[in-house]
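Below: one structure, written as structure tokens.
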Amino acid sequence: MFNRRSFLGTALGTGAAFGAASLLPAWARSASHGNTGLTALTGSEFNLDVGEFPVKIGGRHGHAVGVNGTLPAPLIRFREGQEVTLNVTNRLKADTSIHWHGLLVPFHMDGVPGVSFPGIKPGETFQYKFAVPQSGTYWYHSHSGLQEQQGHYGPLIIDPAGADPVAYDREYVLVLSDWSFEHPHRIFAKLKASAESYNFNKRTVGDFLEDASEKGFDEALSERAMWGGMRMSPRDIADVTGATYTYLINGHSTLDNWNGVFTPGERVRLRIINASAMSIFNVRMPGLPMTVVAADGLNVEPVETDEFQMGVAETYDVIIEPRDDRAYAFVAESIDRSGQAVATFGPRPGMRAEAPTLRPVPTLTMKDMAMDHGAHGMDGMSHGSGDMKDMSHEGHEMSGMDHSAHGMDGMDHGGHDMGEMKHDMSAMSGDDAMMTHDHKTGPGVANTAMMPVSRLDEPGIGLEDVDHRVLTYADLRALERNADTRPPERELQIHLTSNMHRYMWSFDGVKFSEVTESIRLNEGERVRFNLVNDTMMPHPIHLHGMFFELENGGGDHRPRKHTVIVKPGEKLAFDVSSEHIGDWAFHCHLLYHMHAGMMNVVSVIPNGEHGGMAMPASADDPHAGHHGMDHDSHDGHQDMQDEPHDMDHGADHGGHH
Amino acid sequence: MRQLMTFRAAILSCSALALVPSAIGEEGDKPWSQADDIWGEEAMAEARAEVLEKHGDIRSTYIQAERFELQSSDDEDVILLDGNAWIGGDINKLWIKSELEYLPDEGEFEEAEIQALWSRAISPYFDLQTGVRYDFEPEGLAHLVIGAQGLAPYLFELDSAAFLSEEGDLTARVEAEYELLLSQRLILQPRAEIALSASDIPEREIGAGVSQIDAGLRLRYEIKREFAPYIGIEWHQRFGQTADYIEAEGGESGEAVFLIGLRAWY
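If you read the sequences in order, they're chains A and B.
The numbering used here puts the first sequence at residues 1 to 657.
The numbering used here puts the second sequence at residues 1 to 266.
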């Protein structure tokens with residue numbers, strides 16, 4: 001049934017399986033190896049063999065897991081609406097899978113073992129078959145084990161059925177990734193043993209002395225004491241860093257110098273895919289502006305910029321128009337500045353642009369802790385929990401905190417225990433509202449964002465003070481009017497939670513392994529997801545199977561995305577039209593965060609099933625692992641439909657614990 | 001409008017309850033199940049169990065020689081191995097701790113103990129540890145152990161435990177460590193260990209109260225995070241009756257030792 005058949009042995013593209021990096025697919029080769037831009041591919045059937053093969057990266061030999069013997073995997077290109085068949089054969093000893101990232105496939109073709117299908121067993125061939133109503137730049141990768149880290153990822157382009165609104169003379173795909181010669185399970189074990197195993201950007205005694213001479217000893221000390229008191233580091237920016245990673249562009253390290261050619265004056269379209277396991281990149285081309293024309297595959301109103309921060313799993317299409325007869329560097333710099341990958345664009349093959357030096361390591365601020373808030377009038381607050389006490393009290397004594405006034409006199413603190421905290425938020429409004437945390441706490445939740453704020457108009461960690469333009473999410477506008485502009489009928493609030501010290505990551509304090517019920521949406525329902533980042537790290541959050549409209553003030557031209565970075569201490573919102581029936585994975589796309597439990601499933605339940613329930617599933621069902629998410633589930637539901645944007649309803653109710 | 005919707009919701013709830021109680025019961029067992037109809041219940045059940053387990057319920061192992069060092073004083077040399085290992089998940093772990101003191105000149109162990117502890121995460125930064133300790137040297141002696149280990153505010157590593165021996169004697173130890181990064185790899189670690197006893201235990205040469213304090217500085221270089229040789233100095237001071245026992249044997253109640261050692265983990 002359903003396109004699943006066992007397949008034993010004969011050669012299906014295995015000829016290339018031991019080819020190594022010299023046999024890169026044409027799209028991933030350098031100009032010096034004959035790549036002068038993508039060629040249009042036609043075809044509707046693709047054979048993909050997942051296996052192990054040797055690779056050579058930066059002059060060193062390694063061992064990859066991937067598709068058809070190349071790293072990255074072959075480019076899959078087809079046309080919008082065209083039915084395609086993809087035969088995936090597993091030549092590994094372990095299960096594998098392919099997830100088509102950002103594609104609106106039927107859910108049983110989405111490729112997540114245990115969620116949308118059983119996975120692909122060793123020796124088996126699984127046939128994916130679908131037609132999708134979309135075009136743009138996407139990618140595909142394994143959703144099994146930690147194979148993504150080992151090389152199991154590749155680009156996917158869907159050409160539009162009609163005319164492309166983006167005009168260009170030449171195009172390239174740039175797949176950014178992070179390669180390690182260490183086994184991914186070893187990386188994870190080291191993070192569990194010591195979460196700062198790969199952090200060589202910590203603050204030292206020397207940094208302290210420098211700060212002391214700049215700001216004065218007392219202030220430097222109290223600043224250190226504030227972080228130390230919370231048992232946190234303002235340099236926890238990336239968990240896995242350049243200490244083990246070689247950053248790659250199309251499988252090439254900086255040393256390997258991927259190079260592309262252009263004729264001066266041409267419009268060149270770069271389809272940039274962040275296929276990393278763990279690395280958020282800052283992307284720039286010194287001396288050359290980039291015009292962003294698509295985000296996550298879908299067209300946006302062209303916006304010119306000089307740099308952008310790119311979450312894992314996001315894609316951006318940019319147009320560059322190099323006019324000078326010179327080499328330009330394309331720089332993908334890891335967010336923690338522990339390394340970068342540099343490629344070259346030049347008028348002739350084989351040119352090598354000068355790699356810029358790494359910029360100084362950014363340091364997190366109180367804002368990243370959701371503490372940079374107007375704490376005016378909060379003297380009456382009393383928190384029983386030791387950690388909260390540290391945070392709030394020491395935080396308030398911090399010099400240099402940005403205290404601005406908010407009318408918080410109306411606050412009513414019913415409980416002294418965080419687990420039972422109840423805030424009457426009626427006197428507050430807007431994004432600055434103090435956060436309720438009615439999710440699970442305990443060893444897995446080291447901190448909670450007290451005052452999360454919107455940060456969509458910020459460029460991202462480390463890019464606040466650069467001397468050129470940086471794209472923000474607030475700049476993005478969909479090129480086409482949003483198809484669904486209904487206000488949300490219901491709101492969910494989901495906290496991104498962690499204990500960095502124990503390397504525990506979760507949603508609402510519940511690891512995926514502890515989830516007893518998925519997040520339920522009903523077909524046709526318009527639902528707002530409010531994501532609150534309680535952690536000190538940015539998380540690229542990905543929802544399978546559907547695009548969401550990111551609430552960035554864009555009205556009916558809000559950007560539609562499949563992945564969004566939620567910055568530390570940020571609260572953001574997106575709306576989902578529950579059109580695509582099925583169970584869809586929903587997770588942080590930082591691979592080891594997902595592996596540690598920062599994942600759930602969003603189930604879109606068809607109408608007419610189970611009595612045609614239109615009510616939020618599990619509204620009064622206390623057994624669910626994520627019962628705290630349904631913020632309107634008690635008495636606010638009807639009100640919510642009348643006033644869907646009113647924050648009070650999301651916040652004005654007590655904890656469950 | 002509002003009333004109408006309430007009414008509709010109520011009707012729907014009632015009809016749902018009446019129509020599909022069995023379905024709700026079944027669904028309750030599975031966190032999601034829509035793919036079951038397509039790929040079969042059995043195949044999906046297996047894959048679902050696996051995807052859940054592999055995203056959060058990970059068992060890890062860790063083994064560490066925290067202090068493997070030669071302690072050299074005027075008196076004598078001691079080789080110390082302070083080792084730890086654990087296996088388990090985020091919340092529950094089996095911890096093994098051992099401390100061996102070997103006298104190379106005499107070719108014998110001065111002290112040898114091992115602890116087996118159930119370590120349970122009780123807060124973001126602390127584990128409660130309970131279990132048993134057995135001393136092989138200087139004499140065979142079993143203890144019950146209860147302790148707490150974790151990271152205190154201001155980033156002090158703490159390990160404290162109380163020991164009730166089979167003889168009924170109650171003793172305790174508190175260890176505290178701190179790390180000063182001179183560079184990303186050169187780390188100065190102040191460390192102090194305090195031993196206490198509820199009573200005089202003459203056969204173990206321990207006096208009541210604070211019996212001993214060891215305070216030292218270790219300077220290590222992390223060639224890799226997992227592999228760091230070090231040098232250091234430490235002061236060992238016995239107090240009260242404990243000091244008297246040592247002095248009666250001709251030993252010193254206080255002594256400085258020089259350290260050279262290795263900190264390593266996997």
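From the three backbone atoms N, C-alpha and C, an ideal C-beta is built for every residue, glycine too.
Which residues share a DSSP beta bridge with residue i?
i	result
Ser267 of chain B	The requested residue 267 of chain B is not part of the displayed model; chain B covers only 1 to 266.
Trp258 of chain A	Per DSSP, none; premise fails for Trp258 of chain A.
His61 of chain A	A:Lys56
Pro113 of chain A	A:Phe117
Tyr125 of chain B	Paired residues: none, contrary to the question.
Glu196 of chain A	Answer is none; Glu196 of chain A lacks a bridge partner.
Ala215 of chain B	B:Ala192 and B:Trp235
Exposed or buried, which one is residue i when buried takes at least 16 other CB atoms within 10 Å?
i	result
Lys190 of chain A	buried
Ser44 of chain A	exposed
His593 of chain A	buried
Thr357 of chain A	exposed
Asp75 of chain B	exposed
Gly555 of chain A	exposed
Arg359 of chain A	exposed
Val132 of chain B	exposed
Ala195 of chain A	buried
Asp575 of chain A	buried
Arg231 of chain A	buried
Ile260 of chain B	exposed
His539 of chain A	buried
Thr130 of chain B	exposed
Gly140 of chain B	exposed
Starting from the beta carbon of residue i, find every residue of chain B whose beta carbon is closer than 7 Å, and list them in chain order.
i	result
Glu525 of chain A	In chain order: nothing, as chain B lies at least about 13 Å away.
Gly509 of chain A	Neighbours of Gly509 of chain A on chain B: none; closest Cβ ~11 Å, over 7 Å.
Lys192 of chain A	Ser60
Phe529 of chain A	Within 7 Å Cβ-Cβ: nothing; Phe529 of chain A doesn't reach chain B, min ~17 Å.
Phe658 of chain A	Only positions 1 to 657 of chain A appear in this structure, which leaves residue 658 of chain A out of reach.
His141 of chain A	Ordered by position in chain B, no residue passes the 7 Å Cβ test against His141 of chain A, which lies about 16 Å from the chain.
Val205 of chain A	Leu180, Leu181 and Leu182
Between residue i and the rest of its own chain, which residues show a CB-CB distance below 8 Å, the 5 nearest in sequence each way excluded?
i	result
Arg241 of chain A	Position check: residue 241 of chain A holds Thr in this sequence, whereas Arg was assumed. Taken in chain order, the residues that qualify are Tyr198, Asn199, Phe200, Asn201, Ser334, Asp336, Ser338 and Gly339.
Glu46 of chain B	none
His108 of chain A	Phe2, Ser116, Phe117 and Gly582
Ile233 of chain B	Gly216, Leu217, Ala256, Val257, Phe258 and Leu259
Starting from the beta carbon of residue i, find every residue of chain B whose beta carbon is closer than 8 Å, and list them in chain order.
i	result
Arg60 of chain A	Residues of chain B passing the Cβ test: none, with the nearest at roughly 17 Å.
His501 of chain A	Pro124, Tyr125 and Leu151
Using a Cβ-Cβ cut-off of 7 Å (strictly less than) and excluding sequence neighbours within five positions of residue i, which residues of its own chain qualify?
i	result
Thr242 of chain B	Glu205, Ile206, Gly207, Ser211 and Gln212
Glu182 of chain A	Thr244
Ser449 of chain A	It should be noted that the sequence gives Ala, not Ser, for residue 449 of chain A. Same-chain partners within the cutoff: Ala370, Met435, Val532, Asn533, Asp534 and Gly569.
How many angstroms separate the CA atom of residue i from the CA atom of residue j?
i	j	result
Gly216 of chain B	Leu70 of chain B	14 Å
Leu164 of chain B	Val145 of chain B	7 Å
Gly362 of chain A	Asp457 of chain A	In the sequence on display, residue 362 of chain A carries Pro and not Gly. Spanning the two alpha carbons is a distance of roughly 18 Å.
Gly209 of chain B	His439 of chain A	45 Å
Gly228 of chain A	Ser180 of chain A	31 Å
Pro153 of chain B	Arg224 of chain A	12 Å
Ala264 of chain B	Phe227 of chain B	5 Å
Ala167 of chain A	Arg528 of chain A	35 Å
Tyr138 of chain A	Val564 of chain A	15 Å
Leu219 of chain B	Ala172 of chain B	27 Å
For residue i, I'd like the list of residues in its chain whose CB is within less than 6 Å of its CB, leaving aside the five on either flank, ordered along the chain.
i	result
Trp27 of chain A	Leu38, Leu75 and Val173
Arg486 of chain A	Arg526
Gln156 of chain B	It is worth fixing the name first, because residue 156 of chain B is Phe in this sequence and not Gln. Taken in chain order, the residues that qualify are Ala176 and Tyr178.
Gly66 of chain A	Ala73, Gly151 and His152
Leu521 of chain A	Val527, Ser578 and Val604
Ala35 of chain B	Met44
How would you list, in chain order, the residues of chain A whose beta-carbon sits under 8 Å from the beta-carbon of residue i?
i	result
Ile91 of chain B	Pro443
Ala256 of chain B	Those do not exist, as Ala256 of chain B stays about 25 Å from chain A at its closest Cβ, beyond 8 Å.
Pro31 of chain B	Val515, Thr516, Glu517, Ser518, Val601 and Gly625
Since residue i meets chain C, which of its residues come closer than 8 Å, beta carbon to beta carbon?
i	result
Ile122 of chain B	Of the protein chains in the structure, A and B, none is chain C.
Which residues in chain A have a C-beta closer than 7 Å to the C-beta of residue i? List them in chain order.
i	result
Ala43 of chain B	Pro118
Is residue i a contact residue of the ligand SAM, with contact defined as CB to any heavy atom under 7 Å?
i	result
Asp306 of chain A	The ligand SAM is not part of this structure, which contains no ligands at all.
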